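First residue of the sequence shown: 306, per the working numbering; consecutive thereafter. We put the CB at the ideal spot given by N, CA and C, even for glycine. Owing to the predicted nature of the structure, the values given are computational and were not obtained by experimental measurement.
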Amino acid sequence: MGGENTREGLPGSYRGFELLPVHLYVLAHLKRAGVDYAKMMGKMSGLPLELITDAIEDLLEIGLIERDPGSAVKRSKARFKKAFEVHKHHTYYRLSREGELFVRSIDERWLKRYFNGLFPNGWKVIQALAESRDLNEAGRKIDIDGETLEELRVLRFVTEKGRKTEFFKRLWEFLGG
């Protein structure tokens, strides 16, 4: 069950399920954190809790993440925790074995196909945005049309004023950008 067998060749799909950037964020967050809960993922990304919980439900349904059992979590398992051990007051999630394998298969080639599938020249636009202070600076490096600009806003990569969102910064950081 390796990389290409679990994906159906479509950029951004996993076994027929279309992965949105918020899904990638949750997967990448859990890869970095080990285990974590929805409210913290929302807080770190700046995304609404409802968006994160919807993404978590989707990922649970397709088997890429699972609930973490037990009543306590150690910092060795939850790498973003400051205390050595905490009792759980939330539902914690972690990558499933299938999720681990999938996240491990995400490389630059996959990301290039994924972002190019989201909008024209997606990979170049995303790279230009990541390397720039804001959308205006990125626009000087690569031509960004009105449709792409709107898509960047809908995906919550930039604000109305053209600033990069915390979500975009974290996603890029967690995906190895």
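- Burial check for D341: the Cβ neighbour count within 10 Å reaches 16 or more, so the residue is buried.
- Collapsing the DSSP output to three states places S318 in a strand.
- Annotation for V463: no alpha helix (DSSP H) segment contains it, and DSSP assigns it neither H nor E.
- Residue environment: S350 is assigned as buried (16 or more neighbouring CB atoms within 10 Å of its CB, all protein chains considered).
- With respect to F479, A333 sits close: the two C-beta atoms are nearer than 7 Å.
- For L335, the enclosing alpha helix (DSSP H) starts and ends at 326 to 338.
- Rounded to whole angstroms, the separation of the alpha carbons of L354 and D450 is 31 Å.
- Contact between the segment 431 to 443 and the segment 399 to 410 is not established, with fewer than three Cβ pairs separated by less than 8 Å.
- A343 and I370 have their C-alpha atoms spaced approximately 12 Å apart.
- Residue pairing of K446 in beta bridges, as defined by DSSP: absent, with no partner found.
- Residue pairing of D439 in beta bridges, as defined by DSSP: R468.
- Secondary structure of D359 (DSSP, three-state): helix.
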